[in-house]
Structures are given as structure tokens and as C-alpha cells.
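S.K.: Dumping the structure here so I can ask a few things about it.
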Amino acid sequence: MSHYLKYADSLEVTQMDEDAVSHQIAESMARVGHAVFSRHCHATRNAHARSHGILKGELAIEGLLPAHLAQGLFSKPGRYPVVIRLSSSPGEIGPDSQPAARGFAIKILGVAGNKVLPDDSGHTQDFLLVNSPSIAFGDVRSYQRMQDFLERVEHDPDGMAGAAAKLKRSPDPKLETMLAEVLRANSNHILGETFYSMAAVRFGEYVAKISAAPASDEVRALTGAPVDTRHRPSAFRDIVVDFFRQYGAVYSLRAQLCTDLARMPIENAAVVWDESVSAHQIIARITIPRQEAYSPARQAYGDEVLSFNPWHAIEAHRPLGSIMRIRRKVYEQSSRYRHAVNGEPRREPEDISELPD
Ligand code: HEM
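The following block contains the structure:
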């Protein structure tokens with residue numbers, strides 16, 4: 001067990017100019033968010049605007065885990081209600097044929113423990129996961145290049161195609177590599193994907209990346225199954241709704257513990273932590289029963305009322321590293337703005353009965 005890196009506050013190292021760069025990213029995201037609002041007269045999330053299903057389930061820690069995994073929320077057996085929002089990454093709702101990363105945001109209810117944010121009175125722990133083990137722009141400086149590009153797309157009369165053509169005239173190889181990675185996103189069945197936190201969190205006495213992998217036969221059978229999105233703008237919503245009318249699903253929640261800061265950096269989330277050095281170890285099981293996954297009331301609640309945020313966390317699962325620190329600012333900003341202009345309450349659920357059927 002001694003080979004797992006021990007958590008210490010000193011593991012995080014603020015980058016040069018990080019505050020100034022973070023401020024510029026937040027300002028740019030706000031400008032793009034306002035532009036999206038003025039096009040639709042309705043504000044959406046600055047990222048992952050389109051949802052594909054809002055699910056009710058249960059997270060179970062079924063027995064006492066080995067000491068290195070019995071950390072934080074997972075330190076003793078327990079059962080917690082969860083809400084999961086499935087999504088695609090763009091900050092504006094478009095057709096499912098757009099290349100995009102898929103999101104699997106988990107909100108665990110009824111969690112005790114000191115919260116990271118001083119003004120967070122909720123009893124929730126969120127884990128936000130995406131179907132890739134790393135994020136191409138893994139620190140604030142890299143992210144700024146991507147955000148600058150997204151803002152250029154916003155102002156280019158030819159949108160993404162125009163901004164990409166201009167990029168060819170004044171090449172930025174690093175940005176092109178990052179964009180190519182984003183555009184390579186698959187169009188496979190969302191329920192068969194494995195989802196990752198990409199960046200690290202504190203894991204009690206240790207440091208980990210969190211992931212969720214399909215565990216029951218019906219979702220495992222969907223891994224790698226392509227979805228035809230060409231003539232169906234809401235193809236992912238349709239397949240999620242159809243699936244949960246027939247079956248339930250089980251996912252394994254896993255922790256990959258950091259063993260070595262040089263090979264498993266915290267400050268650069270673009271680096272995939274090598275599974276052969278540290279395996280993804282199961283810490284809990286998420287069971288999602290058959291249900292109506294996207295009724296109008298549920299969709300409105302999931303999209304308009306709820307906010308998923310990696311900083312909705314207990315101290316034992318504090319988000320770590322540069323890309324997590326910028327998220328502290330922008331999730332709050334995005335959520336505050338969209339709730340205010342849409343006239344929606346901003347409230348953490350205290351009980352699962354608040355999620356409409
Ligand atoms: C470690 C990498 C990241 C992961 C795994 C991740 C994942 C997600 C997911 C799954 C959602 C949807 C949450 C929901 O369903 O409500 C989301 C939303 C969002 N993400 Fe990220 N994200 C990451 C990095 C970033 C970065 C670097 C930024 C910006 C600097 C960002 C900005 C946002 C914003 C603004 C929202 C919407 C917040 C709201 O209005 O409630 N994310 N993210």
C-alpha cells in the first residue's frame with residue numbers, strides 16, 4: 001500500500017500567471033454564453049448544454065473496501081441515491097451528428113462531511129466524467145488556446161469551418177493537435193462508453209482519478225456500437241429512452257490511485273495515467289433501474305434546476321490541479337448566469353424525491 005502517493009496540500013503547484021489566465025478564460029466563456037443566450041433567448045450551460053437522459057439510480061459501497069480504497073465517501077459500506085445527467089460537450093444545443101465528447105455527471109445525495117466550498121450547504125458529492133481518459137488541453141494555458149478558438153468560432157461568419165480555415169493560414173500546431181483530438185470523437189452508443197474524471201481528485205489519504213465502466217450485460221453489449229446520427233438530431237436521447245424502457249443498467253465506479261507524480265501528474269490532465277502501473281479499482285456499484293429517462297418534467301429539472309460541479313465536493317474528494325482550479329470559477333459563473341436569466345431556482349437536491357418521474 002505504501003506505493004500509493006500520499007495526499008498533501010503541497011502537491012498542487014499554481015502556474016505562473018494562472019489567476020490572470022483564468023480570469024481571461026472566464027471572461028471569454030461569459031461572452032460566448034451571452035451570445036448563445038441572445039440567439040435563443042434562453043441560457044444553457046457554457047459546456048455540455050445538450051442532455052440525453054436524466055437518470056435516477058443508487059450508488060452502493062457493498063462491503064468494507066481494502067484500506068487504500070476505504071477513503072472519504074468510500075470509507076464504509078453505504079447506499080446513496082444518485083442523479084446522472086448524460087450530455088454532449090458543446091456549449092450550444094446542436095444536432096447529435098456534431099463530433100462531441102459525451103458526459104456522465106453523477107450527483108450523489110445525502111453525503112456527510114466538510115464541503116470544500118465555504119458557502120456550499122448542500123449534502124451532495126458530484127463526479128463529472130467524460131468518455132476519454134484525458135483532456136487534450138490539460139492545464140489553464142492550453143485551455144486558453146482552445147477557449148480563444150471557440151470565441152473566434154463565435155465571431156466568424158462561417159462558424160467552425162471559417163475559424164478552422166483561418167487557423168490553417170496562421171498555424172498553431174499545438175491547437176491543431178488538440179482540435180483534431182476533439183474532432184476525432186466517436187459516435188458510439190453513449191451507454192456502452194467508459195467515463196473518466198480526466199483530472200485528479202483527493203482520495204482521502206491518497207490521490208486518484210475516478211471512472212465509471214459498464215458492468216451489466218445489456219450496457220456492455222453496447223460498447224463500440226455506432227449510432228446513426230445523420231437523420232436524427234436527438235438520436236442519443238431516443239436510444240437512451242428506448243433502452244431504459246426495457247432494461248436497467250449497472251456501472252462500476254472505480255478509482256485509479258496515483259503512485260508517482262512524475263508519470264501521473266496532477267497539474268497536467270492531458271497525461272493519461274498508465275493502467276499497467278496503477279489499475280482502475282472498483283470502489284462502488286451504480287445501479288440504474290428501468291425508468292422513463294427523459295420525461296418533460298425530468299428534462300426541465302435536470303437541465304434547468306440542477307448544476308453539476310466538481311467543486312460540489314467534500315474535503316476528502318477535493319478537485320486537484322490546474323484544470324480543476326479554473327473549473328471552480330467557470331462552473332459557478334455558468335450556473336449563476338443561466339439560472340438568473342432563465343429565472344430558475346439554484347438549489348442542491350436534499351432528497352431524491354425532488355427529481356420528477
Ligand atoms: C477534467 C476535465 C473536465 C471534465 C471531466 C468535464 C466534464 C463536464 C461535464 C460532464 C459537464 C456536464 C455537467 C452537467 O451535466 O450538468 C460539464 C459542464 C461544464 N463544464 Fe466541464 N469538464 C471538464 C473540464 C472543463 C473545463 C476545463 C472547463 C472550462 C474552463 C469546463 C467548463 C464547463 C462548464 C462551464 C460547464 C457547465 C456548468 C453549468 O452551467 O452548470 N469544463 N463538464
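Under full-length UniProt numbering, the residues of the sequence shown are numbered 1 to 357, in order. Glycine residues also receive a C-beta, built at the ideal position from the N, C-alpha and C atoms. Since the structure is predicted, the reported quantities are computational estimates derived from the model, not experimental observations.
#1: Can you list, in chain order, the stretches of the beta strand (DSSP E) that have 3 or more residues and sit fully within the segment 219-268?
#2: Hey, Val250 and Tyr196: beta-carbon distance below 8 Å or not?
#3: Could you tell me whether any non-hydrogen atom of ligand 1 is closer than 7 Å to the CB of Ser197?
#4: According to the Cβ coordinates, are Thr259 and His3 closer than 8 Å?
#5: Since Gly78 sits in a beta bridge, which residues does DSSP pair it with?
#6: Using a threshold of 8 Å, state whether the C-beta atoms of Glu315 and Gly113 are closer than that.
#7: Would you check whether ligand 1 has a heavy atom nearer than 7 Å to the C-beta of Ala269?
#8: For Phe137, which of helix, strand or coil comes out of DSSP?
#9: Where does Gln15 fall in DSSP's three states?
#10: Could you give the distance in angstroms between the alpha-carbon of Arg328 and the alpha-carbon of Ser142?
#11: Residues in its own chain within less than 7 Å of Ser234 by CB, not counting five upstream and five downstream?
#12: Please report the straight-line C-alpha distance between Met178 and Asp156, rounded to a whole angstrom.
#13: Do you know how far the Cα of Leu109 is from the Cα of Asp351?
#14: Mind checking Glu267: buried by the 16 CB within 10 Å criterion, or exposed?
#15: In the DSSP assignment, the alpha helix (DSSP H) including Val341 goes from what residue to what residue?
#16: Kindly give me the distance between the Cβ atoms of Gly53 and Val240, rounded to whole angstroms, as I take these residues to be in contact under 8 Å.
#17: To the nearest whole angstrom, what separates the beta carbons of Tyr7 and Val207, a pair I think is in contact under 8 Å?
#18: Are the beta-carbon atoms of Gly321 and Pro289 separated by less than 8 Å?
#19: For ligand 1, is there a heavy atom less than 7 Å away from the beta-carbon of Ala30?
#20: What ranges does the alpha helix (DSSP H) occupy inside the segment 151-215, keeping only unbroken runs of at least 4 residues that lie completely in it?
#21: Whole angstroms are fine: how far does the CA of Asn309 sit from the CA of Arg39?
#22: Grab me the residues of Leu261's own chain with a C-beta within less than 8 Å of its C-beta, minus the 5 sequence neighbours each way, in chain order.
#23: Which residue from Pro214, Pro265 and Lys174 puts its Cα closest to that of His189?
#24: Which residue comes first and which comes last in the beta strand (DSSP E) that contains Ala284?
#25: Quick check: the Cα distance between Tyr301 and Ala180, rounded to an integer number of angstroms?
#26: Could you give the residue range of the alpha helix (DSSP H) that holds Arg298?
M.R.: Put simply:
#1: Whole beta strand (DSSP E) segments, 3+ residues: 249-257.
#2: no
#3: True, at least one ligand heavy atom lies under 7 Å from that Cβ.
#4: yes
#5: Ile61
#6: yes
#7: Ala269: yes, Cβ under 7 Å from ligand 1.
#8: coil
#9: coil
#10: 17 Å
#11: For Ser234, same chain residues with a beta-carbon under 7 Å away, outside a window of 5 residues either side, are Asp96 in chain order.
#12: 20 Å
#13: 7 Å
#14: By the C-beta density criterion, Glu267 is buried, having at least 16 other C-beta atoms within 10 angstroms.
#15: Ser322 to Asn342
#16: 4 Å
#17: 5 Å
#18: no
#19: Taking 7 Å as the cut-off, the C-beta of Ala30 does not count as close to any heavy atom of ligand 1.
#20: 159-169 and 173-183
#21: 26 Å
#22: Excluding positions up to five away in sequence, the list reads Leu5 and Leu11.
#23: For His189, the nearest C-alpha among the options comes from Pro214.
#24: His280 to Ile288
#25: Their Cα atoms are separated by approximately 34 Å.
#26: Where Arg298 is concerned, the enclosing alpha helix (DSSP H) stretches over Pro296 to Ala300.
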